[in-house]
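Residue numbers (my numbering), protein chains in the order written: chain U, 1 to 143; chain B, 1001 to 1143.
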């Protein structure tokens, strides 16, 4: 793995890191977390569709095998349902408990990758050690 | 009894499944198509939220709050997700996901520099753990 490989994951992390601040600014003005999440998702759908159609990439949607489309659609549903269950959990327990529990997501990915992506990815000891250290670090920061 | 914990863990499982689903389909398509199909698949859920909410969105959310929620949508489910999937395509699900989930590191660093927050022992340990985890993950040769 080299520095270039880190670029996209760290750009994604940077984008996600601004979200708690923006959500807080929004909730300060209107305490509607579920509607807020729906507005955010709607804005992202509209913005990305404008880009995608504007770039003339519509054909790409129909060029993929059907099963791939279902996988991508399932990933979107997982994301949105994850957001809804996240907000629902906040109604029962404080954010300081919710955040460390949701930080375990990379451990789920690691486990599923081991069983489900056998032919594509080989999980090493370093993957397990690195992921565990990052999850522990995140738990310490968010708790 | 443990509804809150169960819901938070459900989020972790759902979010942890996403990179694996995307990784399965990416060799047959690209990250941009994965983002579009994921967002489109969530549209019915979003319509459901707006439809079932007891108040009209314009009555419940101020324009100021809507701006921040929308901005959060652009950086998170739009740009963040695109970089996330590009990272998964380049590094694989198991290695990209912990790096992406290290976003609290950036949030903490931003808070330290811009909000002049104090570095406690717990924060220091969390940052050290994440940085070490990233070093362990990135230090290995690609399998």
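For glycine and all other residues, C-beta sits at the position ideal for the given N, C-alpha and C.
Just so we're clear, the structure is a prediction, and the values are computed from it rather than from any experiment.
Run through DSSP, which three-state label would residue 1143 of chain B get?
By one-based count along the second chain, residue 1143 of chain B stands at place 143. Residue confidence for residue 1143 of chain B is low, a pLDDT of 48 falling below 50, so the modelled location carries little weight and cannot support an answer.
Distance, Cα to Cα, residue 106 of chain U vs residue 1136 of chain B?
As a working mapping, residue 106 of chain U is identified with position 106 in the first chain. As a working mapping, residue 1136 of chain B is identified with position 136 in the second chain. Looking at the two C-alpha atoms, the distance is approximately 15 Å.
Can you tell me whether residue 140 of chain U is buried or exposed? The criterion is at least 16 other CB atoms within 10 Å of its CB, across all chains shown.
Counting from one through the first chain, the residue named residue 140 of chain U turns up at place 140. Residue 140 of chain U is classed as buried because its beta carbon has at least 16 other beta carbons within 10 Å across all chains shown.
Just tell me which of U/72, U/127, U/78 and U/5 has its CA closest to the CA of residue 1033 of chain B.
Position 33 of the second chain, counted from the start, is the residue given in the question as residue 1033 of chain B. When U/72, U/127, U/78 and U/5 are compared, the shortest CA-CA separation from residue 1033 of chain B is found for U/72.
Residues within the region 88–101 of chain U neighbouring chain B, beta-carbon criterion of under 9 Å
Those would be 88, 89, 90, 91, 92, 93, 94, 97, 98, 99, 100 and 101, in chain order.
Distance cut-off 6 Å: residue 1070 of chain B Cβ against heavy atoms of the ligand NAD:
With respect to the ligand NAD, the structure shown offers nothing to examine, as it has no ligands at all.
Indicate whether at least one CB of chain B lies closer than 7 Å to the CB of residue 115 of chain U.
Position 115 of the first chain holds residue 115 of chain U. Taking Cβ atoms only, chain B never reaches closer than 7 Å to residue 115 of chain U, which makes this a no.
Three-way DSSP call (helix, strand, coil) for residue 1062 of chain B in this model
Here residue 1062 of chain B corresponds to residue number 62 of the second chain, with the count starting at 1. Residue 1062 of chain B: coil per DSSP, three-state reduction.
Kindly give me the distance between the Cβ atoms of residue 133 of chain U and residue 1058 of chain B, rounded to whole angstroms, as I take these residues to be in contact under 8 Å.
Within the first chain, numbered from 1, the residue matching residue 133 of chain U stands at position 133. Within the second chain, numbered from 1, the residue matching residue 1058 of chain B stands at position 58. Going by Cβ atoms, the distance from residue 133 of chain U to residue 1058 of chain B rounds to 46 Å, so no, they are not a contact pair.
Count the other CB atoms, across all protein chains shown, that sit within 10 Å of the CB of residue 1098 of chain B; report buried if there are 16 or more and exposed otherwise.
Mapped onto the second chain, residue 1098 of chain B falls at position 98. Classification of residue 1098 of chain B: buried, given that the 10 Å Cβ count is 16 or more.
Local Cβ density within 10 Å of residue 48 of chain U, reported as buried at 16 or more and exposed below that
Here residue 48 of chain U refers to the residue found at position 48 of the first chain. Counting every other CB atom within 10 Å of its CB across the protein chains shown gives residue 48 of chain U a total of 16 or more, marking it as buried.
Skipping 5 residues on each side, what residues in its chain have a beta carbon closer than 7 Å to that of residue 113 of chain U?
Here the question's residue 113 of chain U lines up with position 113 in the first chain. Counting only Cβ-Cβ distances below 7 Å, and skipping sequence neighbours, we find 121 and 123.
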